[in-house]
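Working notes for the structure below.
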Amino acid sequence: MKRKRCHYCKRLFSPDPRVGERQKTCGDPLCQKAHKAENNTRWRRKNPEYSRNDYPRVKEWLDHHPGYLKEYRQTHPDYVKKNREAQRLRDRSKKLRLDIQAEIKRQAAEITNQLWNLPHLDIQDEISVQSLEMTFLFSTLPCLDIQAAIDNPFCIRDNAAIHTGGGNHVLQKASGFFAGAKN
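In the numbering used here, the protein residues as written are 23 to 205.
Written out as structure tokens, the structure reads:
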């Protein structure tokens, strides 16, 4: 059988004849673990409703097995340590996101005033978008999360967003975003 390259460590390996072309990893435990994690992620993405609202079933099981979680934690100290550290990281990440969003909301009025004081630009002139303008734009768009990846690139011209993602270019005046500041 033809040798294959492992999708994870990139080493060459000979697939097990019982699995053949379907085998993706070389058999190293780290590669198998990465493959399993990737498959689990893919499955959860395709089946998002599977574990939602699963609390009643879990609660019922735990009610029939009192003390299970306490015993499990006592017999698996590595799990407890790993879970505690992961929770600490999740808490820090959440606090950082909330701090950034609160800072942007506090700065919104100042940013608006600075944007209105920009010199008038011809629609044909492209301006380089400073981080200040980008921060304001993203913080005022209700449909975008500040941490979300942006699918279509765009540039700003004369207070308008021009989407350059291909096809028909759409010009949207940003006057709605700045209406409150132009007093």
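For each residue, glycine too, the CB sits at the ideal point set by N, CA and C.
Annotated three-state conformation of residue 46 is coil, per DSSP. Under the DSSP assignment, residue 85 falls in the alpha helix (DSSP H) whose first and last residues are 77-86. Under the three-state reduction of DSSP output, residue 25 falls in the coil class, being neither helix nor strand.
Around the beta-carbon of residue 45, 16 or more other beta-carbon atoms lie within 10 Å, marking it buried. Residue 24 has its alpha-carbon roughly 48 Å from the corresponding atom of residue 114. With a beta-carbon spacing of about 6 Å, residue 90 and residue 84 fall inside the 8 Å limit used to define contacts. The C-beta of residue 31 has fewer than 16 other C-beta atoms within 10 Å across all chains shown, which makes the residue exposed. In this structure residue 37 is in contact with residue 26, their Cβ atoms being roughly 6 Å apart against a cut-off of 8 Å. Residue pairing by DSSP puts residue 34 in a beta bridge opposite 27. According to the DSSP assignment, residue 67 belongs to the alpha helix (DSSP H) that extends over 51-68.
Contact between residue 110 and residue 102 does not hold, since their C-beta atoms are separated by about 13 Å, which reaches or exceeds 8 Å. Where residue 93 is concerned, the enclosing alpha helix (DSSP H) starts and stops at 90-97. The alpha-carbon of residue 118 is positioned some 42 Å away from that of residue 34. If you draw a straight line from the Cα of residue 88 to the Cα of residue 99, it comes to about 20 Å.
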